[in-house]
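Take any residue in the sequence shown, note its place counting from 1, add 392, and you have its number in the numbering used here. Below: one structure, written as structure tokens.
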Amino acid sequence: MFRDESENVVLAHRFPKNPSKQKPSSLGSTTPNHPVPTSVAPIASLSSTRRTAIPVLSINPCSSSEEQAVCYFFQNYILGEDSVASGSFQFLPDILLDNEINEVLSDSLTAVGLVGLAHFYHDPSLMFTAVYKYNSAMRKLSLQLRDIGKAKSDQYFMAIMLLGLYEVGVYSCSSSRVVVDSDHLNTCHNQMAMETWTKHIDGAAALMQMRGKQRLQTPLGCHLFKQLRAQVVIKCIHRQTSVPPFISEWSHASDSKTTQQDFHTTLSLLVIRYANLRASMSSSKDYSDPERIISTAYALECDFASWVKSVPLEYIYQTINLSERVDEVYSDHYHVYSRIRVATTWNHYRCARLLTNEIILDQLSYLYETNPTSPLLTTQPYYSEQQTPESNATLRHLCEDICASVPYYLGFPCNTGQAQSHNYPKHCTPILSSGLYSQLVGAR
393 MFRDESENVV
403 LAHRFPKNPS
413 KQKPSSLGST
423 TPNHPVPTSV
433 APIASLSSTR
443 RTAIPVLSIN
453 PCSSSEEQAV
463 CYFFQNYILG
473 EDSVASGSFQ
483 FLPDILLDNE
493 INEVLSDSLT
503 AVGLVGLAHF
513 YHDPSLMFTA
523 VYKYNSAMRK
533 LSLQLRDIGK
543 AKSDQYFMAI
553 MLLGLYEVGV
563 YSCSSSRVVV
573 DSDHLNTCHN
583 QMAMETWTKH
593 IDGAAALMQM
603 RGKQRLQTPL
613 GCHLFKQLRA
623 QVVIKCIHRQ
633 TSVPPFISEW
643 SHASDSKTTQ
653 QDFHTTLSLL
663 VIRYANLRAS
673 MSSSKDYSDP
683 ERIISTAYAL
693 ECDFASWVKS
703 VPLEYIYQTI
713 NLSERVDEVY
723 SDHYHVYSRI
733 RVATTWNHYR
743 CARLLTNEII
753 LDQLSYLYET
763 NPTSPLLTTQ
773 PYYSEQQTPE
783 SNATLRHLCE
793 DICASVPYYL
803 GFPCNTGQAQ
813 SHNYPKHCTP
823 ILSSGLYSQL
833 VGAR
């Protein structure tokens, strides 16, 4: 079935290519069977009697779209050639190694992969197949969750998390005109996707409580809880609701073994405090108690500043200054991080602190205009003299840092030279990044 083409490779290097010669077709082209002395004419002048046609393979090596979807999922969300391009579902193989994968998890995983392929190829047919797999997973899941024992299993919990990720993928595909044209884009579809995603997260939170706090004693249980915690907090910020108390309580029990784990737990608890502060306000323009809101937000701002000072050594990033401006970089510098997780952690902090300072500025502005003799302003001159310019400076710095992190996500070269082409990293933080985007544009 296979032919030894090593001689032809040697010939290709020995003889110069004829620039005027047309490129042969892939299957109908011919190749010489024997080596040709270097003193003879170029290959183009060889006699046709010394050529034979390459036989066409009778077996089609193509895999099904579902198999490609699974490969796409593992390559983009799990596997990583190095620490820079590792996925955000590294724990999934642990689940699959313990037991044979069930149909619900299989269909959920395939649906997410198909959404990714549909988005990548702009292919509506793949999206339709993804919808079919999603509906299949939902039907099977609703039946299996009636069994309390099965409902507590890692595989069914992971399936619910993946179905939530599917909704985010559908939302992205709709926005990029994979399913519908922009002229007929129904914004209700996007709202429906977010509503369904919220239901998946609420269901996963209820299932996590049913599983029990004792599941946090295993590495896999801790990892599943962290995934849920991030999505619950994002959902609460987006919906302007308070974070369930068990999330904060369990966080203290999930990360206490290493300094890095404590570092992440502290940041998560700070973001939870912001979410709860925002939930205590009826709207972004709630001025019913500006003194309380300012004091609470300022205390949170101080704790964010303290968190930055406790950053572990491996989380310190490098700032690269460019010799000349390039389109891929917003300013004259950009950041290089040790891995994707580190960059994402920094941006979670920046987004939460940015939103906190926005509350401070907005409430202070209202207080200046409506009640300049407020005890908060008269007894604590810091608020009236320094806080506004400091918050504005903090906002500018945070925005610049977020922009400076973008080239790293896009694979910009980690050097001080000129810009070069680079491979894009994998989809390491699909739902976190989408959630933070929602924070910035939809949770004001």
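Here a beta-carbon is modelled for each residue, glycine too, at the ideal position from N, C-alpha and C.
Between residue 813 and residue 498, what straight-line distance do the alpha-carbon atoms span, to the nearest angstrom?
Here residue 813 scores only 37 on pLDDT, less than 50, and its place in the model should not be relied on; the value that follows carries that caveat. Between the C-alpha atoms of residue 813 and residue 498 there is a straight-line separation of about 36 Å.
Can you round the beta-carbon distance between residue 738 and residue 797 to whole angstroms, since I take them to be within the 8 Å contact cut?
7 Å
What did DSSP end up calling residue 711 once you bin it into helix, strand or coil?
strand
Pick out whichever of 536, 669, 745, 766 has its Cα sitting closest to the Cα of residue 599.
Minimum Cα distance to residue 599 is reached at 536.
Whole-angstrom Cβ separation of residue 709 and residue 690, contact assumed at under 8 Å?
So it is not a contact: roughly 27 Å between Cβ atoms.
Take every Cβ of the segment 523-542, pair it with every Cβ of the segment 586-594, and state whether three or more of those distances are shorter than 8 Å.
Verdict: no, contact absent.
Taking DSSP as the reference, what is the three-state secondary structure of residue 786?
helix
Top-ranked residue by Cα proximity to residue 531, from 602, 500, 666:
500
Out of 653, 587, 629, 627, which has the shortest C-alpha to C-alpha gap to residue 614?
When only C-alpha atoms are compared, the closest one is 653.
In the DSSP output, what is residue 656 paired with across the bridge?
Its beta-bridge partners do not exist; DSSP assigns none.
Less than 8 Å between the CB atoms is what I'm expecting for residue 642 and residue 605, so what's the real figure, rounded?
6 Å
Tell whether a beta-carbon distance below 7 Å holds between residue 795 and residue 741.
no
Taking the alpha-carbon of residue 658 as reference, which of 674, 675, 640 has the nearest alpha-carbon?
640
Roughly how many angstroms separate the alpha carbons of residue 716 and residue 805, rounded to a whole number?
Between residue 716 and residue 805, the C-alpha separation is close to 14 Å.
Assigned secondary structure, residue 514 (DSSP; H/G/I helix, E/B strand, else coil):
coil
Tell me whether residue 464 sits in a helix, a strand or coil according to DSSP, three-state version.
helix
May I ask you to verify whether the segment 679-690 touches the segment 758-769, counting CB pairs closer than 8 Å and requiring at least 3?
Between the segment 679-690 and the segment 758-769 there are three or more C-beta pairs closer than 8 Å, enough to call the two in contact.
So residue 510 and residue 519 are supposed to be a Cβ contact under 8 Å. How far apart are they, rounded?
4 Å
Among 583, 611, 508, the one whose alpha carbon lies nearest that of residue 631
Closest in C-alpha terms to residue 631, from the list 583, 611, 508, comes 583.
Contact set for residue 663: own chain, Cβ-Cβ below 7 Å, skip 5 residues either direction:
625, 740, 744
How about residue 468 and residue 547: do their beta carbons lie closer than 7 Å?
In this structure, residue 547 does not lie closer than 7 Å to residue 468 by Cβ.
With 16 other Cβ atoms within 10 Å as the buried cut-off, status of residue 601:
exposed
Looking at the structure shown, is residue 722 part of a helix, part of a strand, or coil, going by DSSP?
coil
Who does residue 727 pair with in a DSSP beta bridge?
711
Alpha carbon to alpha carbon, how far is residue 747 from residue 736?
17 Å
Going by beta carbon distance, what residues of the same chain come within less than 7 Å of residue 733, once the five residues before and after it are set aside?
none
Does DSSP classify residue 805 as helix, strand or coil?
coil
In the DSSP assignment, find the unbroken alpha helix (DSSP H) run with residue 778 in it and report its ends.
No alpha helix (DSSP H) contains residue 778, which DSSP labels as neither H nor E.
From residue 700 to residue 492, what does the alpha carbon distance come to, in whole angstroms?
Distance from the CA of residue 700 to the CA of residue 492, rounded to the nearest whole angstrom, comes to 43 Å.
Please classify residue 501: does DSSP put it in a helix, a strand, or coil?
helix
What is the rounded straight-line gap between the Cα of residue 771 and the Cα of residue 706?
Approximately 42 Å, taken between the alpha carbons.
How big is the Cα-Cα spacing for residue 660 and residue 720?
31 Å
Span separating the alpha-carbon of residue 550 from that of residue 775
47 Å
According to DSSP, is residue 454 helix, strand or coil?
coil
With DSSP run on the structure shown, which of helix, strand or coil describes residue 537?
coil
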